[in-house]
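The opening residue of the sequence shown carries number 238 in this note's numbering; numbering runs sequentially from there.
Every residue gets a Cβ at the ideal spot worked out from N, C-alpha and C, and that includes glycine.
Worksheet: one structure, shown below.
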Amino acid sequence: MVACSDDSAEPAETVEPNETEQQQSDNNAADEGTIEETDPEEEVVDEEEPEEEIVVAEPQYKLNPNTWGLEPISDAPAEAVLLTVDDAPDKNAVEMAKTLKELDVPAIFFVNGHFIDTDEEKAKLKEIHDMGFAIGNHTDTHPNLRDVSEEQQREEIVVLNDKIEEIIGERPKFFRAPHGVNTDFSRALVEEEGMLLMNWSYGYDWEQQYMDAAALTDIMVNTEFLRNGSNLLMHDRDWTAGALPGIVQGLQDKGYTFIDPNEIEGVE
């Protein structure tokens, strides 16, 4: 608050002692052996607490838009993969987030707007975010962006960013288009919104033969497409939630670590 003042008031004139007068006063005090005592409370000087320094981590990985995999920067571990979960937060996303949290494994949860309409659904999203997971934009109603107008594409992306920010206090850092289909307009808009556009390296949980936890675990860990920097696509599904602990363990057994989304180049 700024106090109001009377601009017409003249400041009181202060008279500073000259050097000779000040020296004489000091000498007299010394000759007389006087020691000026001050109130201890007056000696306390209020010191402002130093501002907390914000440390920004250096990026450890960069996204390759040709393969959608992650490449290490400098000496970051090459044998690492990124976990992502689409269509959150439907029925299993909170459970999946809790599983990953217990395993100390980071991931991105890509959100659909039609899954955060109710207070209960909004609470699910906030819970996932509060557990420390990165949140991505997966459009408001999950259309194929090539099938809708530019105005509709803007609504699908920006409206969802607004919704997410209202719930968790920040806008998404990542964008993944439904079906992996982008347009020139959506790419430009994603950049304008300050998000990192992302697709994936491989995923299987939408195929009939892998709608089973054991089968999905096996293919996600043993697929020929698994390599350093793979960007793994999963969905909010019952069988994927069941497979998640085995997928993490299987990847770790093969020597892989997990990439922190906040350490990807281009993420603010």
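When we look at the beta-carbon of residue i and count the other beta-carbons within 10 Å, is it buried (16 or more) or exposed?
| i | result |
| --- | --- |
| Asn-303 | exposed |
| Val-418 | exposed |
| Glu-393 | buried |
| Ser-423 | buried |
| Met-507 | Not covered by the structure: residue 507. The range shown for the chain is 238 to 505. |
| His-416 | exposed |
| Leu-340 | exposed |
| Thr-532 | This structure gives no information on residue 532, because the portion of the chain shown stretches from 238 to 505. |
| Gly-373 | buried |
| Gly-414 | Before going further, note that residue 414 is Ala rather than Gly in the sequence given. With 16 or more other Cβ atoms within 10 Å, it is buried. |
| Met-435 | buried |
| Gly-369 | exposed |
| Lys-491 | exposed |
| Ala-451 | exposed |
| Thr-355 | exposed |
Quick one: what does DSSP say residue i is sitting in, helix, strand or coil?
| i | result |
| --- | --- |
| Met-471 | strand |
| Pro-326 | coil |
| Ala-344 | coil |
| Ile-405 | helix |
| Leu-299 | Going by the sequence as given, residue 299 is Lys instead of Leu. Correct three-state label for Lys-299: strand. |
| Glu-461 | coil |
| Gly-417 | helix |
| Val-385 | coil |
| Phe-412 | strand |
| Pro-314 | coil |
| Tyr-441 | coil |
| Pro-548 | Because residue 548 is not part of the residues shown, which for the chain are 238 to 505, the question remains open. |
| Gly-487 | helix |
| Asn-398 | helix |
| Thr-321 | strand |
| Gly-373 | strand |
| Glu-308 | strand |
Would you check if the distance between the CB atom of residue i and the CB atom of residue j is smaller than 8 Å?
| i | j | result |
| --- | --- | --- |
| Ile-365 | Ala-330 | yes |
| Glu-505 | Gly-431 | yes |
| Glu-502 | Ile-310 | yes |
| Leu-481 | Met-333 | yes |
| Leu-469 | Thr-321 | yes |
| Pro-216 | Pro-498 | Missing from the structure shown is residue 216; the chain here goes from 238 to 505 and no further. |
| Ala-371 | Lys-410 | yes |
| Arg-464 | Thr-420 | no |
Apart from the five residues on each side of it in sequence, which residues of its chain come closer than 7 Å, Cβ to Cβ, to residue i?
| i | result |
| --- | --- |
| Asp-327 | Phe-352 and Asp-473 |
| Glu-308 | Tyr-298, Lys-299, Asn-301 and Gly-466 |
| Ile-484 | Thr-454, Met-457 and Val-458 |
| Glu-225 | Past the boundaries of the shown model lies residue 225; the chain is included only from 238 to 505, so the question cannot be answered. |
| Trp-443 | His-472 |
| Arg-391 | Leu-426 |
| Tyr-493 | Glu-316, Ala-317 and Val-318 |
| Tyr-441 | Tyr-447, Leu-453, Ile-456 and Met-457 |
Quick one: what's got a C-beta closer than 6 Å to residue i's C-beta in the same chain, skipping five residues either side?
| i | result |
| --- | --- |
| Arg-408 | Asn-398 and Glu-402 |
| Asp-324 | Asn-349, His-472 and Asp-473 |
| Ala-478 | Asn-329, Glu-332 and Met-333 |
| Asp-449 | Trp-476 |
| Phe-412 | Asn-374, Val-427, Met-432 and Leu-434 |
| Met-337 | The sequence shown places Leu at residue 337, not Met. Answer for Leu-337: Ala-344, listed in chain order. |
| Glu-387 | Phe-422 |
| Ile-496 | Tyr-298, Leu-307, Ala-317 and Leu-319 |
Following a CB-centred definition, is residue i positioned closer than 7 Å to any heavy atom of the ligand COA?
| i | result |
| --- | --- |
| Leu-362 | Ligands displayed in this structure: none; no statement on the ligand COA is therefore possible. |
Excluding the 5 residues flanking residue i on each side, which residues of the same chain have their C-beta closer than 8 Å to its C-beta?
| i | result |
| --- | --- |
| Glu-462 | Reading off the sequence, residue 462 comes out as Phe, not Glu. Excluding sequence neighbours, Phe-462 sits near Ser-438 and Tyr-439. |
| Gln-446 | Ala-452 |
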